[in-house]
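Beneath this line is the structure, given in structure tokens, with notes to follow.
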Amino acid sequence: MTATLDGTRTGERAPLSVQSFSTISNVLEIPSLIKLQLDSFDWFKREGLRELLNELSPIQDFTSTKMDLIFGEYEFREPKHSQEECRERDMTFSAPLFVDVELRIKDSGEIKEQRLFFGDFPLMTDRGTFIINGAERVVVSQLVRSPGVYYTVETDAQSGQRLANAKLIPSRGAWLEFETSAKRILSVKIDRKRKLPVSVLIRTIDEPGLLPGDHDNPAFAKFFAAQKRLDEEGTAAAEKARDAARRECEKVLGTDDRVLAFFEGVDIEGDLAYLTATLGRREGGRNNDPCENKHEALLELYRKIRPGDPPTHENARSLVNQLFFNPRRYDLGRVGRHKLNKRLALADATDQRWLRPIDLIELTRELINVNLNRSGTDDIDHLGNRRVRAVGELIQQQFRIGLVRMERVVRERMTITDPAEATPSALINIRPVVAAMKEFFGGSQLSQFMDQTNPLAELTHKRRLSALGPGGLSRDRAGFDVRDVHQSHYGRICPIETPEGPNIGLIGSLATYGRLNDFGFIETPYRRVISEMASDDPKLVGQEIREDVADVEGNVVAAAGTVVDKKLATSLKKAGLRVPVRAVVADEVIYLTADEEDRFVVGQANTRVGEDGRVLDERVEVRIKEEFKLVSPHEIDFLDVSPKQMVSVAASLIPFLEHD
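Take 2 as the starting number for the sequence shown in the working numbering and just add one per residue.
Spelled out as structure tokens, the structure:
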């Protein structure tokens with residue numbers, strides 16, 4: 002071998018040296034670019050499947066008297082074939098899924114346990130893809146409207162009056178749509194059925210204990226005592242006594258006085274009050290709300306939702322419970338409960354995923370506040386109200402469909418099978434589950450053949466966000482607003498990378514530093530800017546004081562421009578004062594969601610920062626929501642981490658992109 006000019010021998014490769022010509026230092030390393038896919042599938046294997054099996058357990062026969070089927074632990078075993086084998090032989094890269102199933106016979110108390118095979122489950126490769134029938138596929142993440150409550154306002158064309166509307170969207174279950182008419186009547190549609198006055202809904206959900214004086218009411222006191230006895234004894238006689246006490250209560254629940262009492266302090270417009278108008282009489286003497294108590298309201302609600310069926314009290318009560326208070330039929334989801342609590346300032350019930358009476362009362366109170374311009378509306382295109390359903394959640398949703406189909410078969414078999422001969426394997430048929438998964442990976446709009454043009458095309462495909470697909474938008478109905486670039490996209494969704502044609506704005510790409518939080522909202526990183534410190538903060542030494550610091554008597558302890566040394570820091574600590582310092586960029590990086598970012602002033606990444614972290618510019622260009630301003634450094638809360646953070650990986654590779 003002969004030596005070359007650079008000192009290496011012929012046939013040897015010279016070590017690569019990377020030189021950056023960037024004027025802005027690299028503050029934060031670019032994260033793993035397929036982390037979204039890998040983490041989401043890992044979540045499904047660890048928690049998502051467990052959540053589903055718990056949700057379905059126990060499966061009971063139609064009479065709920067013969068047997069219970071309960072799902073226990075599960076495991077994914079080793080794949081039967083390697084990835085290379087699957088590619089060569091047109092097979093699916095999958096692992097056998099086994100679930101522990103327990104069958105409890107109620108009459109005899111016998112428990113039968115089996116570990117059952119639940120089919121071969123497609124596995125994600127370490128590159129974030131699936132191998133289905135030998136072809137690599139990518140499951141594209143879906144951008145959808147988050148469950149929760151949304152308030153909007155229309156202006157009445159004739160009167161110019163502000164009319165508020167609200168939509169309560171669950172993760173699964175009946176939608177509630179609230180409207181305000183020009184006559185100030187509040188109405189609600191349940192699952193897009195016929196309209197009825199809000200007061201009817203409020204009457205149906207009225208319960209003893211919702212108002213402060215309820216414990217003094219004799220009928221309610223009797224009900225509370227009967228409920229306590231049932232909790233302690235659990236006998237049929239105690240349940241019968243509780244039901245009798247409840248029927249007595251329903252004659253005094255949901256009265257006009259109670260409905261008005263729920264909105265005291267909010268609905269204070271006298272004769273123009275919204276609830277007074279909703280309860281009041283129409284021309285011709287007929288009430289908008291014909292009911293006088295909870296009993297009548299239950300029957301009225303049943304007539305509206307099931308027209309043609311003769312209403313009975315038990316049927317009506319059962320319908321309301323099924324619609325809103327049954328976790329199997331109505332699920333706000335973890336995200337929906339979080340958003341509802343946040344919007345209505347409810348502090349409790351963070352884990353309760355179905356509706357409570359207080360939720361509907363607070364929702365209506367807020368609707369009145371929006372009507373009276375005391376509260377703002379919600380922007381449905383804001384990324385604080387849109388979340389990402391990644392691969393794990395999409396698979397969970399499809400797996401639920403398969404399990405629900407399987408549950409129906411199990412319940413039918415339970416009814417016709419002799420309990421003594423029944424076993425878990427005889428009751429369970431896994432075909433609906435296997436078929437649901439095949440349907441998803443083979444035919445879903447979001448399961449696509451991976452783009453293998455080049456490594457960048459492959460990476461971009463895995464980071465794609467689509468507003469289309471089941472539960473999303475349709476390209477034919479999507480308007481201009483939902484396709485447009487929104488100020489909340491900054492650092493979260495690339496404003497440049499989107500296809501031309503009918504899908505423009507409906508398919509996007511995750512920004513370079515974007516990541517998902519636990520609720521599926523996109524976060525982006527920022528560096529914190531500190532312009533005030535506690536006097537006992539050890540980092541105070543070496544900082545320059547921004548303005549004079551005075552004690553309670555008005556004596557100046559430290560003058561503006563002074564650099565804090567240990568002696569001055571001790572004096573400030575004794576005085577216990579907050580110290581205004583010249584703006585300094587902290588080392589910590591904080592990830593913010595779009596609605597959190599709206600509360601802060603954010604500076605650009607090209608702001609000049611000294612080696613000691615101090616902001617050198619006298620005026621800094623910042624963003625406050627959608628406004629751009631020049632402000633003093635001490636007014637900034639955060640700085641961008643990189644100019645790349647607003648665009649996607651592919652767009653960031655375009656040289657001199659800012660001149661395009």
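C-beta atoms are modelled at their ideal positions from N, C-alpha and C, and glycine is treated no differently.
CB contact flag (residue i, residue j, <9 Å)
| i | j | result |
| --- | --- | --- |
| residue 529 | residue 576 | no |
| residue 37 | residue 516 | yes |
| residue 124 | residue 101 | no |
| residue 305 | residue 191 | yes |
| residue 78 | residue 98 | yes |
| residue 142 | residue 467 | yes |
| residue 344 | residue 145 | no |
| residue 332 | residue 174 | yes |
| residue 311 | residue 301 | no |
| residue 246 | residue 227 | yes |
| residue 501 | residue 649 | no |
| residue 41 | residue 392 | yes |
| residue 523 | residue 120 | no |
| residue 545 | residue 565 | yes |
| residue 504 | residue 594 | no |
| residue 135 | residue 88 | yes |
| residue 663 | residue 153 | Because the chain here runs from 2 to 661, residue 663 falls outside it and cannot be looked at. |
| residue 421 | residue 109 | yes |
| residue 637 | residue 611 | no |
| residue 220 | residue 249 | yes |
| residue 274 | residue 299 | no |
| residue 1 | residue 179 | Nothing about residue 1 can be reported from this structure: the residues present for the chain run from 2 to 661 only. |
| residue 423 | residue 106 | yes |
| residue 297 | residue 255 | yes |
| residue 644 | residue 583 | no |
| residue 460 | residue 652 | no |
| residue 647 | residue 492 | yes |
| residue 103 | residue 425 | yes |
| residue 618 | residue 485 | no |
DSSP three-state assignment for residue i, whether helix, strand or coil
| i | result |
| --- | --- |
| residue 396 | helix |
| residue 303 | helix |
| residue 160 | coil |
| residue 337 | helix |
| residue 55 | helix |
| residue 571 | helix |
| residue 166 | strand |
| residue 275 | helix |
| residue 667 | Outside the shown range of the chain (2 to 661) lies residue 667, about which nothing can therefore be said. |
| residue 428 | helix |
| residue 17 | coil |
| residue 520 | coil |
| residue 655 | coil |
| residue 433 | helix |
| residue 38 | helix |
Residue i, buried or exposed, once every other Cβ within 10 Å from all chains shown has been counted against 16
| i | result |
| --- | --- |
| residue 386 | buried |
| residue 490 | buried |
| residue 458 | exposed |
| residue 551 | exposed |
| residue 598 | buried |
| residue 526 | buried |
| residue 199 | buried |
| residue 641 | buried |
| residue 161 | exposed |
| residue 216 | exposed |
| residue 463 | buried |
| residue 455 | exposed |
| residue 278 | buried |
| residue 165 | buried |
| residue 639 | buried |
| residue 388 | buried |
9 Å Cβ cutoff, residue i in contact with chain B
| i | result |
| --- | --- |
| residue 189 | The question asks about chain B, but that chain is absent: this structure has only one protein chain. |
Problem set entry | Stretch pair the segment 336-353 + the segment 164-177: three plus CB contacts closer than 8 Å | Contact between the segment 336-353 and the segment 164-177 is present, because at least three Cβ pairs lie under 8 Å.
Exercise. Touching or not, the segment 435-444 and the segment 393-412, by the rule of three or more beta carbon pairs under 8 Å?
Worked result: Touching, yes.
Exercise. Taking only runs of the beta strand (DSSP E) that begin and end inside the segment 348-395, which ones reach a length of at least 3 residues, in chain order?
Worked result: Every unbroken stretch of the beta strand (DSSP E) spanning 3 or more residues and falling wholly within the segment 348-395 is given here in chain order: 387-390.
Exercise. Counting only runs that start and end within the segment 236-264, where is the beta strand (DSSP E) found for 3 or more residues in a row?
Worked result: Segments of the beta strand (DSSP E) lying fully in the segment 236-264: there are none.
For this session: Take every Cβ of the segment 533-552, pair it with every Cβ of the segment 567-576, and state whether three or more of those distances are shorter than 8 Å.
Result: Three or more Cβ pairs closer than 8 Å define a contact, and the segment 533-552 meets that threshold against the segment 567-576.
Exercise. Quick one: complete alpha helix (DSSP H) runs, 4+ long, within the segment 59-99?
Worked result: The segment 59-99 is shown to contain whole alpha helix (DSSP H) runs of 4 or more residues at 84-89, in chain order.
Exercise. Does the segment 445-460 come close enough to the segment 474-483 that 3 or more CB-CB pairs lie under 8 Å?
Worked result: In short, these stretches do not touch, since the Cβ pair count stays below three.
Problem set entry | Uninterrupted beta strand (DSSP E) stretches inside the segment 492-558 (no shorter than 3 residues) | Within the segment 492-558, the complete beta strand (DSSP E) runs of at least 3 residues are 508-510, 523-535.
Problem set entry | Length at least 4, wholly inside the segment 191-228: the alpha helix (DSSP H) runs in chain order | For the segment 191-228, the full-length alpha helix (DSSP H) segments reaching 4 residues or more read 199-206 along the chain.
For this session: Starting from the N-terminal side, write out each stretch of the alpha helix (DSSP H) that is 4 residues or longer and does not extend beyond the segment 582-655.
Result: Segments of the alpha helix (DSSP H) lying fully in the segment 582-655: 595-598, 650-653.
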